[in-house]
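Residue numbers (our numbering): 5 to 371.
Yeah, the Cβ is synthetic: ideal placement off N, Cα and C, and Gly gets one too.
As the structure is a prediction and not an experimental result, all values here were calculated from the model.
Heads up: the structure comes next, in structure tokens.
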Amino acid sequence: MTDKRKNILSVSLVAAVLFSLALWCWVKPADPVSLSERRALAAMPELSAETVWSGKFMEGFEKYAADQFPLRDGFRALKVFCADRLLGQKDVNGIYGNGEGYLSKLEYPLNEDSLRSAAGKFRKIQERYLRGDGVRVYLSVVPDKNYFMAGECGALAMDYARLVDCLRENTEGMEYIDIFPCLSLEDYYKTDTHWRQEKILPVAEKLAESMGAPLSGSYETVTLPTPFYGVYAGQSARRVSPEPLSYLLNDTLEGCTVYDYESGEKVGVYDMDKAAGADAYELFLSGSRALMKIQNPAAETERRLILFRDSFGSSLAPLLASGYAEIDVVDIRYISSALLENFLTFENCDVLFLYSTLVLNHSVTLK
5 MTDKRKNILS
15 VSLVAAVLFS
25 LALWCWVKPA
35 DPVSLSERRA
45 LAAMPELSAE
55 TVWSGKFMEG
65 FEKYAADQFP
75 LRDGFRALKV
85 FCADRLLGQK
95 DVNGIYGNGE
105 GYLSKLEYPL
115 NEDSLRSAAG
125 KFRKIQERYL
135 RGDGVRVYLS
145 VVPDKNYFMA
155 GECGALAMDY
165 ARLVDCLREN
175 TEGMEYIDIF
185 PCLSLEDYYK
195 TDTHWRQEKI
205 LPVAEKLAES
215 MGAPLSGSYE
225 TVTLPTPFYG
235 VYAGQSARRV
245 SPEPLSYLLN
255 DTLEGCTVYD
265 YESGEKVGVY
275 DMDKAAGADA
285 YELFLSGSRA
295 LMKIQNPAAE
305 TERRLILFRD
315 SFGSSLAPLL
325 ASGYAEIDVV
335 DIRYISSALL
345 ENFLTFENCD
355 VLFLYSTLVL
365 NHSVTLK
């Protein structure tokens, strides 16, 4: 075969592959979501003279084509394999591993403006609601996995000491509770951002003891029958092993009731329907909820706790139940702090602001 024919054949094969993939992209039904990445995929933009002239159509179509490309997950996995194994990149798409199955996403640099903004929002809540008699205000920070992984993996990481110092400097009147020493990398899921509930009893005990509400009782560990893949499993496009997801149960928690202000219904501490969904971590307090109230009828005290939290607090709040008669669980990512007076009372209570470094470094989500 002559060189000319070889070149023609090579170009024809490439053209056929590209044409086939392009045609496939046009005719296949669009997928609304990516289950592996846990996000909505781009939809076909509106085609009109106005959108074409303004450039919005091509901008939207570029995102649509990237999201709806045939065999997309397979090509993503191939890209990661080449970058990781052949090129030796430390991270791919911002996600890196430590060689022992733990994955984390780079969180760098430290955004002190975001920290001051978060602190400002906490202070506004404090000044508006938390000046009454018998109100004790506490602050604590949940480290993300980079705190434990970045150094050994040679990855960039925030200055966590400065993060805590900056937050404390701007939250005068809040007693800081340091839970960093209570945690290690093994207390987190390998493929997810979150901590494992069965591993954070020392954290719950440290917080409760610091607030003067010691906990009581032991727990049974219950493991879900289905394997758990965290958010990084899909985002990284790596081949990862599943891991177990467990929750803690005892008589106190079985007797607790949880009122969901959004639905107006009483639910359980653990949502087994969510456990069978795309993100099993939403088992804990039904996942992302603006406002919930945990009531413990077996409490030996009348103490109340208002917990301002992000998703890490979903699995922690039940572990504090034995120390309180009521725990109001508030997520100001989903409800404006200006509306809280319509639902909560702020007299004679403990108040804990518990937020992860991930949210504090991107506090624009707080209202």
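- No residue range can be given for Leu187, since it is assigned to no beta strand (DSSP E) and is classified by DSSP as neither H nor E.
- The Cβ atoms of Thr175 and Arg127 lie closer than 8 angstroms to each other.
- Asp182 counts as exposed, since fewer than 16 other C-beta atoms from the protein chains shown sit within 10 angstroms of its C-beta.
- With a cutoff of 8 angstroms on beta-carbon distance, Ser292 and Tyr338 are scored as near each other.
- According to the DSSP assignment, Ile204 belongs to no beta strand (DSSP E), since it is labelled neither H nor E.
- Considering only Leu324, Glu351 and Val363, the residue with the shortest C-alpha distance to Asp335 is Val363.
- Contact check for Pro248 and Leu187: beta-carbon distance about 19 angstroms, past the 8 angstroms limit, so the pair fails to qualify.
- Phe347 sits exposed, since fewer than 16 C-beta atoms from the chains shown fall within 10 Å of its C-beta.
- In this chain, the beta strand (DSSP E) harbouring Lys270 covers Glu269 to Val271.
- Counting only the Cα atoms, Met62 lies some 46 angstroms from Leu311.
- Residue environment: Trp199 is assigned as buried (16 or more neighbouring CB atoms within 10 Å of its CB, all protein chains considered).
- In this structure, the alpha-carbon of Asp277 lies about 47 angstroms from that of Trp57.
- Judged by DSSP in its simplified three-state form, Tyr328 adopts coil rather than helix or strand.
- As the crow flies, the alpha-carbon of Leu309 is around 30 angstroms from that of Val235.
- The secondary-structure analysis by DSSP pairs Arg308 across a beta bridge with Glu330.
- Going by DSSP, Lys371 is part of no alpha helix (DSSP H) at all; its letter is neither H nor E.
- In summary, Glu111 is buried, with 16 or more beta-carbon neighbours lying within 10 Å of its beta-carbon over all protein chains present.
- Going by beta carbons, Leu287 and Ala294 fall outside the 8 angstroms limit.
- When DSSP reads this structure, Val141 sits in a beta bridge with Val355.
- Ala282 sits exposed, since fewer than 16 C-beta atoms from the chains shown fall within 10 Å of its C-beta.
- C-alpha of Gly101 to C-alpha of Thr230: approximately 24 angstroms in a straight line.
- Residues of the same chain with their beta carbon placed closer than 6 angstroms to that of Ser222 are lacking, with the five preceding and five following residues left out of the count.
- With distances taken between CA atoms, Tyr265 lies nearest to Val333 out of Val333, Lys60 and Thr55.
- Judged by DSSP secondary structure, Ile129 falls within the alpha helix (DSSP H) whose first and last residues are Glu116 to Tyr133.
- When Arg166, Lys203, Gly105 and Lys149 are compared, the shortest CA-CA separation from Ser250 is found for Lys203.
- Look at Asp264 here: in three-state DSSP terms it is strand.
- With fewer than 16 neighbouring CB atoms inside 10 Å of its own CB, Asn352 falls in the exposed class.
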